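Here our numbering is used: the sequence shown runs in plain steps of one and ends on residue 185. Some notes on the structure that comes next.
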Amino acid sequence: MTGMSDETRQLVHTRSITVRGYRLGNGNWEIESRLTDIKAEDIQGLYRLHIPAGEPIHDMLASVVVSDDMTVLSARASIDGAPFPMCADIAPAFAALAGLHLGTGFMREVRARFGGRKGCTHLAELMGVIAATAFQTIYPALRAERGEPPGRPALIDTCHAFAAEGEVVARQWPQWSSRDQGSST
């Protein structure tokens with residue numbers, strides 16, 4: 001799929017977010033995310049007088065080290081590209097994420113600590129994808145390491161495709177399916 005419209009299109013802006021989960025040698029986990037915003041045409045900025053097409057207007061990194069129980073042990077952020085020089089001044093504040101738990105209420109706490117003038121919108125956004133990637137990275141690896149039989153998959157009922165009565169659950173995890181056995185839809 002290339003888009004919704006049959007009209008010709010001209011690229012104006014590209015935002016890329018890359019997130020990676022790593023197992024550290026000490027047994028902890030590092031989740032690292034990078035955000036870049038790139039314009040397809042040169043832009044004139046207030047502080048960076050000229051930003052050439054293809055050069056990031058935003059280039060930001062956020063990283064957390066977490067334990068097996070999803071507690072943030074340390075956090076760091078860096079802003080290598082931004083439209084204003086003072087943007088980078090806020091990056092060290094993200095170290096205050098240490099001690100938080102990646103779970104219910106995490107993003108609420110991120111917004112409370114780093115919302116508005118207290119933080120950076122883009123770095124705060126990265127915390128959501130970092131938390132999601134931590135779950136994708138850590139829990140399956142721990143289950144496999146511990147030889148635990150999988151329990152009811154946490155994905156069930158999180159979206160349309162994973163509806164308990166749907167086809168995916170019926171095929172992938174029939175023991176957790178609530179689908180009527182005679183149903184084909």
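Every residue, glycine too, gets a C-beta built ideally from N, C-alpha and C. Since we're looking at a predicted model, the values are computed, not measured.
Buried versus exposed call for residue i [16 or more other C-beta atoms within 10 Å across all chains shown]
| i | result |
| --- | --- |
| M86 | exposed |
| F84 | exposed |
| T14 | exposed |
| M60 | buried |
| A144 | exposed |
| M4 | exposed |
| G166 | buried |
| V65 | buried |
| S16 | exposed |
DSSP state of residue i mapped onto helix, strand, coil
| i | result |
| --- | --- |
| P56 | strand |
| T188 | This structure does not reach residue 188, given that the chain is present from 1 up to 185, and the question cannot be answered. |
| I156 | coil |
| M127 | helix |
| E7 | coil |
| D180 | coil |
| G147 | coil |
| F162 | coil |
Sheet register partners of residue i (DSSP bridge)
| i | result |
| --- | --- |
| S33 | V19 and A62 |
| K39 | H13 |
| I205 | Since the first residue shown for the chain is 1 and the last is 185, residue 205 is missing from the structure and cannot be characterised. |
| N71 | The sequence given here places Thr at residue 71; Asn does not occur at that position. H101. |
| I51 | I43 |
Proximity to residue i [Cα-Cα], best of the options
| i | options | result |
| --- | --- | --- |
| V72 | V110, G54, E55 and E165 | V110 |
| S63 | R20, G25 and A170 | R20 |
| A154 | G115, V129, A77 and Y139 | Y139 |
| H122 | A91, M70, W176 and C159 | A91 |
| K118 | G3, A93, S16 and G54 | A93 |
| N189 | E55, S67 and S33 | Within the shown structure, residues of the chain are numbered from 1 to 185, placing residue 189 beyond reach of any answer. |
| L142 | I51, W29 and G103 | W29 |
| L97 | R76, G151 and T104 | R76 |
| G81 | D69, F106, Y47 and G103 | Y47 |
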